[in-house]
Amino acid sequence: ATAVAWLIILKLATHWFPRRRFAMLSGLGLFVGNIGSLTAQVPLRLLIENFGWRTTVIASGIVTLGTGLIGWFVVENDPSIKGFTSYAPHEVRDRTATSFRDVLRGLRHVFEYANTWLIFFAQGGMVGPVLSFAGLWGVPFVSRRYGLSSRSAAAVCSVMIVCWAVASPICGGLSDRIGRRKPIYLGGALISTIGWIVLFYVPALPLSVFVTVAAVTTVACGSGVLGFAYSKEKVPIRYIGTISAVTNIGNMLGPTLLQPAIGWMLDKRWTGEMLNGARVYNVHAFQAAFALIVLWSTLACVLIGLTKETYCEQNV
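Take the sequence shown: its position 24, counting from 1, is numbered 25 in my numbering, and each next residue is one higher.
This is the structure in structure tokens:
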């Protein structure tokens, strides 16, 4: 459901706003989505504690249904329906319903462009590390390394998610403003790679420095949102939905592979220590497992370096 909503946002942005705003709007959409994920943590826990899980779930469902109904009756596919100027090219606006065969043809066509392949795998190295560390393995690592409670370690990871969310529209807007994709995209990949190395392998790193570097690292990862605009500009505009979906699959490929792979490596290095019925891993085990994050992040730098600049213009 989240993937569907995200692709619809990108599709609507193509119709309702100028092309020069696409990257910024992509970042804004990611920002709102991440804020939603944050409210689903501590605020949701407080609601459950005060009103019970059943009431909270029902209320969430009602709010979601209400939001969907508002979107159904208020949001139009194209501004021309409301009498406003549409920013979508004619080949996008005038398209009729497509068959499954057309979808397969579109998939094959977008993968004929080198940028599609390069960005597809690079996105995994930009998004995967953030969601694998801040979203899963960061809490036990920070707790073990600094002796923090799970709640305090979770706060550190929440800071990382907030920085990532805030940086996304900023990176998108900056790219739109300077008319370049590659420098910001590649720069973010390089900075984040260095950041992950510092976080995982620099010994005796003070907690304050760790949090600062973690914030900078996830801010740099915010440039990953440019992958959507960058890949879109190297395929025919009529495939905007297809290329957005392909890029989004690249996003999810990172955490889908990294999270279980890190867990597998941790289990291989488990020393038998248990706490409250759960396995506890030492810092060295985490450092060995997090090498996967560094490797994919480094690969992302190489792949982005091979992409061709679009200068924020539709090149096909």
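We treat Cβ as the ideally placed atom computed from N, Cα and C, and that holds for glycine.
Among the residues of its own chain, which have a CB less than 6 Å from the CB of residue i, if the five just before and after it don't count?
{"i": "residue 201", "result": "288 and 291"}
{"i": "residue 189", "result": "221 and 224"}
{"i": "residue 40", "result": "none"}
{"i": "residue 57", "result": "48 and 49"}
{"i": "residue 301", "result": "123, 126, 127 and 190"}
{"i": "residue 274", "result": "281"}
{"i": "residue 1", "result": "There is no way to answer for residue 1, as the model of the chain reaches only from 2 to 317."}
{"i": "residue 192", "result": "221"}
{"i": "residue 252", "result": "124 and 128"}
In the DSSP assignment, find the alpha helix (DSSP H) that holds residue i and state where it starts and stops.
{"i": "residue 152", "result": "151-179"}
{"i": "residue 225", "result": "Careful: residue 225 lies outside any alpha helix (DSSP H) and carries neither H nor E."}
{"i": "residue 138", "result": "Element bounds for residue 138: n/a, residue is neither H nor E."}
{"i": "residue 26", "result": "23-40"}
{"i": "residue 115", "result": "115-133"}
{"i": "residue 203", "result": "Looking at the DSSP string, residue 203 is not in any alpha helix (DSSP H), and its letter there is neither H nor E."}
{"i": "residue 63", "result": "54-75"}
{"i": "residue 106", "result": "101-111"}
Looking only at C-alpha atoms, which of the options sits nearest to residue i?
{"i": "residue 204", "options": "189, 147 and 8", "result": "147"}
{"i": "residue 133", "options": "112, 159 and 118", "result": "159"}
{"i": "residue 172", "options": "278, 82 and 28", "result": "28"}
{"i": "residue 257", "options": "175, 128 and 54", "result": "128"}
{"i": "residue 285", "options": "157, 266 and 261", "result": "266"}
{"i": "residue 250", "options": "135, 314 and 120", "result": "120"}
{"i": "residue 84", "options": "269, 155, 17 and 211", "result": "17"}
{"i": "residue 12", "options": "310, 264, 230 and 316", "result": "230"}
{"i": "residue 304", "options": "62, 115 and 35", "result": "115"}
{"i": "residue 33", "options": "195, 168, 67 and 153", "result": "168"}
{"i": "residue 207", "options": "260, 143 and 270", "result": "143"}
{"i": "residue 259", "options": "309, 137 and 141", "result": "137"}
{"i": "residue 317", "options": "113, 199 and 154", "result": "113"}
What does DSSP give as the partner residues of residue i in its beta bridges?
{"i": "residue 276", "result": "279"}
Excluding five sequence neighbours on each side, which residues of the same chain lie with their C-beta closer than 8 Å to the C-beta of residue i?
{"i": "residue 19", "result": "88"}
{"i": "residue 244", "result": "111, 117, 232, 233 and 236"}
{"i": "residue 216", "result": "160, 161 and 164"}
{"i": "residue 240", "result": "107, 110 and 111"}
{"i": "residue 145", "result": "281, 282, 283, 284 and 287"}
{"i": "residue 319", "result": "With the chain running from 2 to 317 in the structure shown, residue 319 is simply not present."}
{"i": "residue 194", "result": "295, 298, 299, 301 and 302"}
{"i": "residue 255", "result": "124, 125, 126, 127, 128, 129, 130, 132, 133 and 297"}
Excluding the 5 residues flanking residue i on each side, which residues of the same chain have their C-beta closer than 7 Å to its C-beta?
{"i": "residue 227", "result": "24, 172, 173, 176, 182, 185 and 186"}
{"i": "residue 197", "result": "130, 218, 294, 295 and 298"}
{"i": "residue 180", "result": "312 and 313"}
{"i": "residue 213", "result": "none"}
{"i": "residue 66", "result": "none"}
{"i": "residue 246", "result": "8"}
{"i": "residue 306", "result": "187"}
{"i": "residue 35", "result": "162, 165 and 166"}
{"i": "residue 90", "result": "238"}
{"i": "residue 10", "result": "30"}
{"i": "residue 170", "result": "25, 28, 29 and 32"}
{"i": "residue 1", "result": "Summary: the structure shown does not reach residue 1, with the chain confined to residues 2 through 317, and so no result is reported for it."}
{"i": "residue 242", "result": "8 and 12"}
{"i": "residue 328", "result": "In the structure as shown, the chain starts at 2 and stops at 317, and residue 328 therefore has no counterpart that could be examined."}
{"i": "residue 248", "result": "120, 121, 124, 228, 229 and 232"}
{"i": "residue 149", "result": "143"}
{"i": "residue 310", "result": "181, 182 and 183"}
Quick one: does the C-beta of residue i sit closer than 7 Å to a heavy atom of the ligand SAM?
{"i": "residue 131", "result": "No copy of the ligand SAM occurs in the structure displayed, which carries no ligand at all."}
Contiguous alpha helix (DSSP H) assignments of at least 4 residues, all confined to the region 233-309: 241-269, 284-290 and 292-307
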